[in-house]
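So for the sequence shown, full-length UniProt numbering puts the first residue at 1; every next one is plus one.
Below is one structure, written out as structure tokens, with a few remarks after it.
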Amino acid sequence: MSLLHLVILSPFILAIFIPLFYKSFRNIHTGWFVLPLPIILFAYFTQFFTGVSSGNAYFYSFNWIPSLGINFDVYVDGLGLLFALLITGIGSLVVLYSIYYLSKTKEALHSFYVYLLLFMGAMLGVVLSDNLIVLYSFWELTSLSSFLLIGYWYEREKSRYGAQKSMLITVSGGLAMLAGVVLLYLMGGTFSVRELIANLDIITASELFIPALILILFGAFTKSAQFPFHIWLPDAMEAPTPVSAYLHSATMVKAGIYLLARLSPIFADHVVWFVLVSSVGIVTLFWGSFSAVKQTDLKGILAFSTISQLGLITSLIGVGSAALYYDFLDDNIYIVAITAAVFHLINHATFKGSLFMVVGIIDHETGTRDIRKLGGLMSLMPITFTLALIGCFSMAGLPPFNGFLSKEMFFTGMVNVTKMDIYNLETWGLLFPVLAWIASVFTFVYSMVIVFKTFTGKYQPEKLEKKPHEAPIGMLISPIILASLVVIFGLFPNLLSHSIIEPAMASIAPRLLGPGEQFYVHIYHWHGFNTELFMTLGVIGVGILLFLTLQKWSSIYNVFPKELTLNNFYDKGIVGIDRSSNKLMKLFMTGFIRDYLVIIFAFFGALMLSTLFIKDGFVADFSDTAPIGVYEVILSIVMVIGAATTLFARSRLTAIISLGVVGYTLSLFFVLFRAPDLALTQLVVETVSVALFLLCFYYLPELKKKSKRLKFRLTNLIIAVMAGTTVTLFGISANSTRLFDSISEFFIEASYKEAGGKNMVNVILADFRGFDTMFEVVVLGIAAFGVYAMIRLRIRGNDR
Numbered sequence: 001m002s003l004l005h006l007v008i009l010s011p012f013i014l015a016i017f018i019p020l021f022y023k024s025f026r027n028i029h030t031g032w033f034v035l036p037l038p039i040i041l042f043a044y045f046t047q048f049f050t051g052v053s054s055g056n057a058y059f060y061s062f063n064w065i066p067s068l069g070i071n072f073d074v075y076v077d078g079l080g081l082l083f084a085l086l087i088t089g090i091g092s093l094v095v096l097y098s099i100y101y102l103s104k105t106k107e108a109l110h111s112f113y114v115y116l117l118l119f120m121g122a123m124l125g126v127v128l129s130d131n132l133i134v135l136y137s138f139w140e141l142t143s144l145s146s147f148l149l150i151g152y153w154y155e156r157e158k159s160r161y162g163a164q165k166s167m168l169i170t171v172s173g174g175l176a177m178l179a180g181v182v183l184l185y186l187m188g189g190t191f192s193v194r195e196l197i198a199n200l201d202i203i204t205a206s207e208l209f210i211p212a213l214i215l216i217l218f219g220a221f222t223k224s225a226q227f228p229f230h231i232w233l234p235d236a237m238e239a240p241t242p243v244s245a246y247l248h249s250a251t252m253v254k255a256g257i258y259l260l261a262r263l264s265p266i267f268a269d270h271v272v273w274f275v276l277v278s279s280v281g282i283v284t285l286f287w288g289s290f291s292a293v294k295q296t297d298l299k300g301i302l303a304f305s306t307i308s309q310l311g312l313i314t315s316l317i318g319v320g321s322a323a324l325y326y327d328f329l330d331d332n333i334y335i336v337a338i339t340a341a342v343f344h345l346i347n348h349a350t351f352k353g354s355l356f357m358v359v360g361i362i363d364h365e366t367g368t369r370d371i372r373k374l375g376g377l378m379s380l381m382p383i384t385f386t387l388a389l390i391g392c393f394s395m396a397g398l399p400p401f402n403g404f405l406s407k408e409m410f411f412t413g414m415v416n417v418t419k420m421d422i423y424n425l426e427t428w429g430l431l432f433p434v435l436a437w438i439a440s441v442f443t444f445v446y447s448m449v450i451v452f453k454t455f456t457g458k459y460q461p462e463k464l465e466k467k468p469h470e471a472p473i474g475m476l477i478s479p480i481i482l483a484s485l486v487v488i489f490g491l492f493p494n495l496l497s498h499s500i501i502e503p504a505m506a507s508i509a510p511r512l513l514g515p516g517e518q519f520y521v522h523i524y525h526w527h528g529f530n531t532e533l534f535m536t537l538g539v540i541g542v543g544i545l546l547f548l549t550l551q552k553w554s555s556i557y558n559v560f561p562k563e564l565t566l567n568n569f570y571d572k573g574i575v576g577i578d579r580s581s582n583k584l585m586k587l588f589m590t591g592f593i594r595d596y597l598v599i600i601f602a603f604f605g606a607l608m609l610s611t612l613f614i615k616d617g618f619v620a621d622f623s624d625t626a627p628i629g630v631y632e633v634i635l636s637i638v639m640v641i642g643a644a645t646t647l648f649a650r651s652r653l654t655a656i657i658s659l660g661v662v663g664y665t666l667s668l669f670f671v672l673f674r675a676p677d678l679a680l681t682q683l684v685v686e687t688v689s690v691a692l693f694l695l696c697f698y699y700l701p702e703l704k705k706k707s708k709r710l711k712f713r714l715t716n717l718i719i720a721v722m723a724g725t726t727v728t729l730f731g732i733s734a735n736s737t738r739l740f741d742s743i744s745e746f747f748i749e750a751s752y753k754e755a756g757g758k759n760m761v762n763v764i765l766a767d768f769r770g771f772d773t774m775f776e777v778v779v780l781g782i783a784a785f786g787v788y789a790m791i792r793l794r795i796r797g798n799d800r
């Protein structure tokens, strides 16, 4: 296992010790024990700068399940390095911010940081895994850990609702993605992304290519909150602000963006990819920005703005997939759309991360995020106001901030869509720059709303829960660093060009490069008087007008009926599923074990017997069976008598003793068949069972007198005979059918030679069926934890 493998696993390892730190060091905020890890990891990944920027990639493999083609293969190239730096860099700032944001006395910090570390490790696994099955495993772990983080304040109904909503939508997308991964494996014969790209001709010629493409997109769209799956993201804002700053601006929501970028070399040439990715992205951009303006909660505005910005990046990846617009600068290919996508990915992480932290500061210092209650905070919180101004102006695409540069490149990419001579883009392609411009106008409006509705206007202290003042310096450090990057990348954008953007572009579009070629990126502020400049001037002019007249036209949001919203459909769907399942369960879950056994055995008998005879599967061949000895006959008679006595016993004690006779007699069968281990196991289990029955004897209900209801007895008889007949016939048929040689010879020969064990049964359980045994133990462990949790909850309830 390489050092890079340990780097990915390090957050999981540290998470194990967090509860110990929390318990042993009550006077120290647990975040201080977590903070060094992301800083160290960020420093570790910076060592790849030189090699990756030179066109190199780093691959390390660790065998996991090689027989299935599943290995823990990690791969660092330009794209993986970009995301790894975002995950660890923003992660460091978020942990520092959370130390001052979360109270060490009022919050369950051990749970928070365990969840946060699980998420950090899962995200690193996603962006650095070359094997798609390993990537999927980490992918679903991000959904699970984000569910825990969103529902961190589980006492609140909205937190539980938001966590459930995000889990249902993203996990359903993840399952679709898994199906797409399986189809890719069937086409390419490998789970490795690099090898799939190498086998591209075989994959694109397969009839499974389009289904795989659609399933992969479904997973990416749900994770990155693309329309119409975006509805989970606003409700996820119930999470603590550090979670929002980390998951919903820089990392988790960009996992879908990463998947699109990583698999672009496989799917980008197809028209379905171009149409779906670019169209869904531009619609998401428009709808997110349009919906953000009507929000009154600051985090709600940022949630919809995040949806909008994710749509912007997605549309750029879709447009860039066509790879038809080139600028030739110094004989190197410069692809505008892909460059803009990578650059805005970085820019969005900086200005949106800082804005989430700013909103957290406002909430922390005033007690509210409602813009209707805020106003006039500029003089009271000047540093926070400055940070908000930088972040919002960058988000609005105003110079000299980094958002202006990537927004101009975005406009260029959208304008160039109309110049493409494919897919009839000369006509309907005009929708791309039009929707991009309209969405940018609304982006400008909600950016101004955040700044000026919060920090200017009338100060309303009577509506605030706390007396506002500037945040402590510890809470300001992280947003100050991010805001500084906004300015630095705006003034000196080419700091990122060669080191980050060019290698990432090479990962997204490697086939556009010939031997020895590399992308050339040079970002500059002034492009002359072109279409993009006039679009920006129009955005500013119309945006200012709409912002100043917001109260006059905001009533248009009331025109759309709430009954037709996606959230309403989701809620009704969940309620409908819940009601239907309750009705269905009431038919079966009667509370009587007898009813459950009747249903199980009746279904089992009817299905299996009908299948056995309809398919003509019953075979009876006793030619190779051993003769039945007198001891076996005697023991069989004893078991039948014991079972009958159990059924017709009139006292609990007699029933328990006769049931024990059945079990002990069965152990004698194992002795006769020379299976002492099984006999010993049966004896132990039977002894424990009988002892437990006797211990609970006092609490068991008394047996009722013989029932006079003949129907009840006949039902028992019919079900019992059916189940017994089914098992007997299947046993005879299975023993009489020999499609293959018995596997027993293999175990006899291999148990000692390959597993080093003389006890064949133990070897089968521990080695040949090791995974089966392991998961059985896991299931039992989960059940034990569940029982323990219920007991604890009951004890707490009694204490209250």
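Glycine included, every Cβ here is placed at the ideal spot set by N, Cα and C.
Query	Result
Taking 7 Å as the threshold (C-beta atoms), are LEU298 and VAL342 in contact?	no
Please give the ranges of any beta strand (DSSP E) in the region 462–525, keeping only runs that are unbroken, at least 3 residues long and fully inside the region.	none
In chain order, what residues of the same chain lie with their CB nearer than 7 Å to the CB of TYR113, ignoring the 5 residues before and after it?	ILE18, THR30, GLY31, VAL34
Contact between the region 252–265 and the region 505–512: three or more CB pairs below 8 Å?	yes
For THR337, which residues of its own chain have a beta-carbon under 6 Å away from its beta-carbon, when the five flanking residues on both sides are left out?	Per the sequence shown, the amino acid found at residue 337 is Ala instead of Thr. Around ALA337: LEU316, VAL319, GLY320, GLY413.
What residue ranges within the UniProt domain "MrpA C-terminal/MbhE" (713–794) form continuous alpha helix (DSSP H) runs of no fewer than 4 residues, ordered along the chain?	744–753, 760–763
Please report the straight-line C-alpha distance between LEU233 and LYS419, rounded to a whole angstrom.	35 Å
According to DSSP, is ILE197 part of a helix, a strand, or is it coil?	helix
Using a Cβ distance threshold of 8 Å, determine whether the region 475–482 contacts the region 96–110, with at least three qualifying pairs required.	yes
Nearest to ALA205 by alpha carbon, out of LYS158, GLU749, HIS270, GLU155?	HIS270
Quick check on the DSSP output: the beta strand (DSSP E) that includes TRP64 runs from which residue to which?	63–65
I'd like the span of the alpha helix (DSSP H) that includes PHE385, first residue to last.	382–396
Please report the distance separating the alpha-carbon of SER580 from that of GLY757.	52 Å
Using only alpha-carbon positions, find the residue among VAL434, GLU107, THR88 that is nearest to LEU124.	THR88
I'd like the span of the beta strand (DSSP E) that includes TYR154, first residue to last.	Looking at the DSSP string, TYR154 is not in any beta strand (DSSP E), and its letter there is neither H nor E.
Less than 6 Å between C-beta atoms, sequence neighbours within five positions excluded: which residues of the same chain meet that for ILE257?	SER224, ILE313
Candidates ALA255, MET448, GLU157, ILE371: which alpha carbon is nearest SER289's?	MET448
Alpha carbon to alpha carbon, how far is ALA679 from PHE669? Give it in angstroms, no decimals.	8 Å
Counting only the same chain and skipping the five closest in sequence on each side, list residues whose C-beta sits under 6 Å from that of PHE72.	PHE62, TRP64, VAL134
What distance in whole Å lies between the Cβ atoms of PHE191 and LEU132, which are believed to be in contact at a cut-off of 8 Å?	5 Å
If distances are taken between C-alpha atoms only, which option among ILE214, LEU215, GLY189 comes closest to ILE203?	GLY189
Label TRP526 either buried or exposed according to how many other C-beta atoms from any shown protein chain fall within 10 Å of its C-beta, with 16 as the threshold for buried.	exposed
Our contact map puts PRO36 next to GLY121 with C-beta atoms below 8 Å; I'd like the distance itself, whole angstroms only.	With a Cβ gap of about 15 Å, PRO36 and GLY121 do not count as contacting.
Three or more C-beta pairs closer than 8 Å, one from the region 543–550 and one from the region 72–83: is that the case here?	no
Going by DSSP, which residues form a beta bridge with ASP578?	Answer by DSSP bridge pairing: none, since ASP578 is not bridged.
Here's the rule I'm using: 16 or more other beta-carbon atoms within 10 Å means buried, otherwise exposed. How should LYS106 be labelled?	exposed
Going by the beta-carbon positions, is the gap between ALA239 and VAL126 smaller than 7 Å?	no
Can you list, in chain order, the residues of its chain whose CB lies under 8 Å from that of PHE746, leaving out five sequence neighbours each side?	none
Would PHE227 and THR284 qualify as a contact pair, given that the criterion is a beta-carbon distance under 7 Å?	yes
Quick one: grab the DSSP three-state call for ASP624.	coil
Following the continuous beta strand (DSSP E) through TYR60, name the residue where it begins and the one where it ends.	58–60
Should TYR117 go down as buried or exposed, given a rule of 16 or more other Cβ atoms within 10 Å for buried?	The residue you asked about is not Tyr; residue 117 is Leu in the sequence shown. It counts as buried.
Does the region 134–144 touch the region 172–184, meaning 3 or more C-beta pairs lie closer than 8 Å?	yes
What are the start and end residues of the beta strand (DSSP E) that includes TYR75?	74–76
Going by beta carbon distance, what residues of the same chain come within less than 6 Å of ARG372, once the five residues before and after it are set aside?	THR296
Give the DSSP bridge partners of ILE70, in chain order.	ILE65
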